[in-house]
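Since the structure comes first, as structure tokens, the remarks are kept for the end.
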Amino acid sequence: LDALDQERFLEEMEMVQLDENNMVVDDPVVAVPPSQQLPDQSAYWKYRGHDIFRQVALPKKPRTGAPAVILVHGFGCSTVYWRETIKALTAQGYEVHAIDLLGQGKSAKPTEDVEYSINLWAEQVDTYARENLPGKEIVLIGNSVGSLVSLAAATGDFVDEHIKNGDAITSEDQCYVRQHIAGIGEFNCGIGMNIRNILKDPKWNPVQKYLLNVAFDVLETLVFGNSALLTFIMEKLVTRDMLRNALRDLYSCASDPDAKIDEKLVDSFYLPAKEEGSPLVLRQILTNNAGLTPMELH
């Protein structure tokens, strides 16, 4: 990627030393109250007038000259997903910022005058960095869709899209992260905001692409774009037990999955799903433009 110093990133984000129980070898990290973390004494930050939940963790022993780390979660996740990562990074002296993307987690879930997209979330990350980390070098770490959002923020492609649409903004004004990026880490990088980007895989021949496109159109009509059905699913079918069982599959590689899947983790998925507006946000995520693939970002 342009403007990303990979060698420096590897030096900065060195491996965390673990003991035999996979615990960080360092002093325990003491939770810092929001009033001691942020100038506005709030766990929330405003983006386009909407509340964005954020968690800021400060290290007991700051690492001199270290970049600040911004963690960007994947689809349906939240800052809770990063809790062990936050402990590991702060134990190594890094200042860590985890944010819930608009429409996800504890952040607001507006459905009017908002078009959800990878570019929107990348702009959110860029704006957050500009307003909360002025002058600091930044490392972005994303998971799944969050990896794609991080890439779009780091490359500035979200600004290019604004320029194509004729908005009165410039890359110099908007590409804050690109100007201050020290590195980027991606885990299980997504191919797009939704599955439509599968069609961009060069392995498909024209007939296969046509059939897949028809299948996606049918799914969009019957399921993904069906607000009533999505509302029913979110309200009636999404339960804590269902989520707990799904998480057990995801955490099957952990030495003690049940210890990882506590009520806080389950509720981080369950409670947002029950909020007003969640089904309509989900409909947009599943049916809006999937955005660029990781290979298309530059």
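Numbering-wise (my numbering), the sequence shown opens with residue 79 and increments by one. Cβ atoms here follow ideal geometry from the backbone N, Cα and C, with glycine treated the same way. The structure presented is a predicted model; accordingly, all values stated were derived computationally and were not measured.
Would A394 and I216 be called neighbours here (beta carbons separated by less than 8 angstroms)? The structure shown does not extend to residue 394, since the chain spans only 79 to 376, so no value can be given for it.
Any contact between the stretch 143-152 and the stretch 215-234? By contact I mean 3 or more CB pairs, one from each, below 8 angstroms. The stretch 215-234 and the stretch 143-152 touch, with three or more beta-carbon pairs separated by less than 8 angstroms.
Taking the alpha-carbon of V316 as reference, which of P145, P137, G154 and D295 has the nearest alpha-carbon? Nearest neighbour of V316 by Cα position, chosen from P145, P137, G154 and D295, turns out to be G154.
Bounding residues of the alpha helix (DSSP H) (the contiguous stretch that carries N210): I196 to N210 is the span of the alpha helix (DSSP H), which, as asked, contains N210.
Verify whether the separation of the beta carbon atoms of G369 and S195 is less than 8 angstroms. Taking 8 angstroms as the cut-off, the Cβ atoms of G369 and S195 count as close.
Can you tell which of E354, Y172, I177 and V227 has the C-alpha that lies nearest to the C-alpha of A144? Here the closest residue by C-alpha is Y172.
V255 beta carbon near the ligand SAH (any heavy atom closer than 7 angstroms): For the structure depicted, the ligand SAH is absent and the ligand set is empty, with no information on it obtainable.
Terminal residues of the alpha helix (DSSP H) in which F265 lies: From DSSP, F265 is part of no alpha helix (DSSP H) but of the beta strand (DSSP E) over I259 to F265.
Among R322, L321 and F236, the one whose alpha carbon lies nearest that of W199: Nearest C-alpha to W199: F236.
Kindly list the residues whose CB is nearer than 8 angstroms to the CB of M101, restricted to its own chain and excluding five residues on each side of it in sequence; keep chain order. Per-residue confidence for M101 stands at a pLDDT of 36, beneath the threshold of 50, marking its modelled position as unreliable; no derived number is given.
Indicate whether S156 and D178 have their beta-carbon atoms separated by less than 8 angstroms. Their beta carbons are under 8 angstroms apart, which means S156 touches D178 by this criterion.
Please list, in chain order, all residues of the same chain as G263 whose beta carbon is under 6 angstroms from its beta carbon, the five residues on each side excluded. Cβ neighbours of G263 beyond the five flanking positions: I219.
List the residues that DSSP assigns as beta-bridge partners of D327. Paired residue(s): none; D327 is not in a bridge.
Segments assigned alpha helix (DSSP H), at least 4 residues, entirely inside the stretch 116-188: As far as the stretch 116-188 is concerned, its whole alpha helix (DSSP H) runs of at least 4 residues are 161-169.
Simplified DSSP assignment, three categories, for N272: DSSP places N272 in coil when its eight states are reduced to three.
If we ignore side chains and look at the alpha-carbon of each, how far apart do N210 and L358 end up? In a straight line, the C-alpha of N210 is about 30 angstroms away from that of L358.
Extent of the continuous alpha helix (DSSP H) to which G234 belongs: No alpha helix (DSSP H) holds G234; DSSP gives it neither H nor E.
Have a look at L375 and L229 and give me their C-alpha separation to the nearest angstrom. C-alpha separation (whole angstroms): 7 angstroms.
Please classify I363: does DSSP put it in a helix, a strand, or coil? Under the three-state reduction of DSSP output, I363 falls in the helix class.
According to DSSP, simplified to helix, strand and coil, what is V192? Of the three classes helix, strand and coil, the one that applies to V192 here is coil, per DSSP.
My output table needs one value for G355: the three-state DSSP class, helix, strand or coil. In this structure, G355 counts as coil in the three-state DSSP scheme.
Cβ neighbours of I269 in the same chain (closer than 6 angstroms, five flanking residues each side left out): So the qualifying residues of the chain are N275 and T371.
On the criterion of 16 or more Cβ atoms from any shown chain inside 10 Å, does K342 qualify as buried, or is it exposed? Answer is exposed; the Cβ neighbour count stays below 16.
Contact under 8 angstroms by Cβ, N272 with I363: Cβ distance < 8 angstroms, so N272 and I363 count as in contact.
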